[in-house]
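Chains as they are written, first to last, in our numbering: chain A, 1050 to 1456; chain B, 1050 to 1456. Glycine residues also receive a C-beta, built at the ideal position from the N, C-alpha and C atoms. On a predicted model such as this, the values are computed, not experimentally measured, just so you know. This report refers to the structure that appears directly beneath it.
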């Protein structure tokens, strides 16, 4: 199966990848495209010419209508697109609708319904425990029984490339007390951080009261995005008891502009590292529930970490099963993210909090050092996985630059 | 100013109230209506006949387009509606479009963007502290410095009248341990509870990075809804550390089908009970920032509590200012709720957790007793406030019945 598209065969965006996104060409309306090599295939005119029943979903400014078609129709559409790109017969009709990536602007790919963030890396959760509660068991008692998670702010999920304004807020500075009571001050966060995560997008929703079993994961998850869940640790530390993170997270969460369909990950499934104690029945999974996705965290062009997604304790199918076990419904466009991905060794830590071990040990960023993010820093997350053609596919990257707080 | 609408003058839905909702009459499309007395005025045909510029917003199945018009246009539309209902000249054109409430079905009034739940009652937060941490200060150190809040699930906000399915989930039963470690079991929640709250709906949104000052509250808040934030306390107790409530809340949150515009509350503003320590500058308010709204909690027709909203520590303007101080944007349809409203005395507690003082003291529901909600129980929250015509206006009620868990 070889594509005729110039430069695409053997690249990280070969026909075994084919992520979807929403692009804008100069002077035109936003539309749905699929990436092949360094080109975007403008699907709307091609689908209209082919009289594809669902052609209208490509004329939209979000992927939601496409994602909501369901797994069977989406699998068929993917086969149709692969056919377009490998069969020479129709090449003359398709080639005029390939647009160089450099000629388009990528937009927010879908309308986010609810956004849930999990905490599914044992290495990350343990590191946080060791940093903040060194005298105690690093994991809290519930951690190995359920995928701990919480709701984040859907309205501030932004596409890769959006500048991140350093948030203002309440923090308690060292020694800032009135008598023995903490005395918060207002100002720009001094502990701005990243969280390198993987996100999952709902295609087919459910009705209130229904539960999604771990076996039904692929019927409801449309695809994957890269996620950087920006975090203001000083704001978070002061606000988070007892109801969890709020303003320390809600100022921005960046996602990739490309959504990789689940089908592109067929060769990436691996066994989980192992779960002990055995989870309750509704959380049990058969076979390969983990994903072998490699993440690279770069700051100002320097790689600072390589978190391995395959080291995650809880699988995406378990996260979705847990999220819905109380009958909560999901909608097309709902996003859930894994939480910070961190591996067992220091070079695999997915946050500055861990890389600096609680802001105590500066780490190298090229010939500079960092504890937390500084204004002007640009962070880029890239993701790769085994493709079904034997090489590696790239998931869309997530990038963002820190700009100074607004006074 | 007296309305000609039969039965409306002097009622709790007089022309100083005029809440909006989305109604469906038999065989017709959902449309926007306004309540007067026990009738719904079908605004779309009246606005079309009057050639009102914004007539299209009444032909929608949600209030979002109306709410998004902004304060100035909404104030003008309200004056136009009052005119319709008090001036006899146009009565013959308006009266045919008044539909008895009994002939329509009320729908979910708006699409919820993000849903944030606060924890703004000192009496409630203190009671929770005394129940769960009797040896310690009832309030955590941050509580009087900021309105503690978190994101809830927007996709499971349901309209009043929706049955509430008892959620299943993980809980740790008394004595349920493996060695010294807690051993959770899966099953229906045995500690199902209410939270009697007041909700605020965003009309005019903001862009990412902007902050809403406490003084700009009325420019962004469109109106109020009643809120019952159903809670499964046993699920919540096990899951909530360290990221806050998740499945213990996300199965359902009920809101009133009527949205009361802020303008209807002009006579309800009162001073806050007092804030000590003085909040940081961005949280300071001038004048009457509290609301004199009386809530009544009924279970199976028996009043069990009367929480007074005027006893709330944090004001709605402070909640919105805090929510956006980090630059988080808000959208038309965003909902934020106050958290459980509880007054200083037992008969004013807004949750079963407090009414039973931590499930220890059964309380009377008619000639029965309750600790937590039982299957078949129906809970109704009603809200009243001083109107501008000298009487009291009613805010839409919130009702829901508990149905058994799905196995």
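Within chain A, no residue has its beta carbon less than 8 Å from that of residue 1302 (chain B); the closest one is some 11 Å off. Residue 1450 (chain B) is bridged by DSSP to B:1427.
Residues of the same chain with a CB within less than 7 Å of the CB of residue 1222 (chain A), apart from the 5 flanking positions on each side, are 1234 in chain order. Just measuring C-alpha positions, the residue of A:1314, A:1317, A:1363 sitting nearest residue 1333 (chain A) is A:1363. Annotation: Cβ neighbours of residue 1288 (chain A) in chain B (cutoff 8 Å, chain order): 1191, 1195, 1197.
In the DSSP assignment, residue 1269 (chain B) falls within the alpha helix (DSSP H) that extends over 1266-1269.
With a minimum length of 3 residues, the unbroken runs of beta strand (DSSP E) contained wholly in the region 1235-1319 of chain A fall at 1245-1251, 1270-1277, 1302-1304.
Taking the beta carbon of residue 1204 (chain B) as reference, the chain A residues within 8 Å of it are 1162, 1163, 1377, 1378, 1379, 1380, 1383, listed in sequence order.
Taking residue 1376 (chain A) as the centre and dropping the five residues before and after it, the same chain places the C-beta of 1258 closer than 6 Å to its C-beta, in chain order.
Look at residue 1088 (chain A) here: in three-state DSSP terms it is strand. The contact set of residue 1217 (chain A) on chain B, defined by CB atoms closer than 9 Å, consists of 1260, 1331, 1374, 1375, 1376 in chain order.
Chain B places a beta carbon closer than 8 Å to that of residue 1214 (chain A), counting this residue as a contact. With respect to chain B, the C-beta atom of residue 1455 (chain A) has a partner C-beta closer than 8 Å.
When Cβ-Cβ separations below 8 Å define contact, residue 1293 (chain A) makes contact with chain B.
At least 8 Å separates the CB of residue 1175 (chain B) from every CB of chain A. Here the C-alpha atom of residue 1075 (chain B) lies approximately 41 Å from the C-alpha atom of residue 1368 (chain A). Following the DSSP letters along the chain, one finds residue 1114 (chain B) inside the alpha helix (DSSP H) bounded by residues 1113-1116. Judged by DSSP in its simplified three-state form, residue 1361 (chain A) adopts coil rather than helix or strand. Take the alpha-carbon of residue 1091 (chain A) and the one of residue 1359 (chain A): they are about 34 Å apart. Taking every protein chain shown into account, the CB of residue 1303 (chain B) has 16 or more other CB atoms within 10 angstroms, so this residue is buried. Judged by DSSP in its simplified three-state form, residue 1205 (chain B) adopts helix. According to the DSSP secondary-structure assignment, residue 1441 (chain B) is paired through a beta bridge with B:1435. In the three-state reduction of the DSSP assignment, residue 1109 (chain B) falls in the coil class. The Cβ-Cβ distance between residue 1295 (chain A) and residue 1198 (chain B) falls below 8 Å. For residue 1296 (chain B), at least one C-beta of chain A is nearer than 8 Å to its own C-beta.
Counting every other CB atom within 10 Å of its CB across the protein chains shown gives residue 1419 (chain B) a total of 16 or more, marking it as buried. Residue pairing of residue 1199 (chain B) in beta bridges, as defined by DSSP: B:1166. For residue 1127 (chain A), the enclosing alpha helix (DSSP H) has its first and last residue at 1120-1135. Within chain A, the C-beta atoms nearer than 9 Å to that of residue 1231 (chain B) come from 1190, 1191, 1194, in chain order.
Residue 1180 (chain A) has its alpha-carbon roughly 25 Å from the corresponding atom of residue 1185 (chain B).
With a cut-off of 8 Å on Cβ pairs, the region 1134-1144 of chain B is not in contact with the region 1267-1276 of chain B, counting fewer than three such pairs. Residue 1069 (chain B) and residue 1308 (chain B) do touch by the CB rule: their CB atoms are close to 5 Å apart, below 8 Å. At a C-beta separation below 8 Å, residue 1284 (chain B) has these neighbours in chain A: 1375. Sequence-distant Cβ neighbours of residue 1131 (chain A) in its own chain, meaning closer than 8 Å and more than five residues away, are 1050, 1064, 1067.
Between residue 1428 (chain B) and residue 1348 (chain B), the C-beta spacing is below 8 Å. Taking every protein chain shown into account, the CB of residue 1285 (chain B) has 16 or more other CB atoms within 10 angstroms, so this residue is buried.
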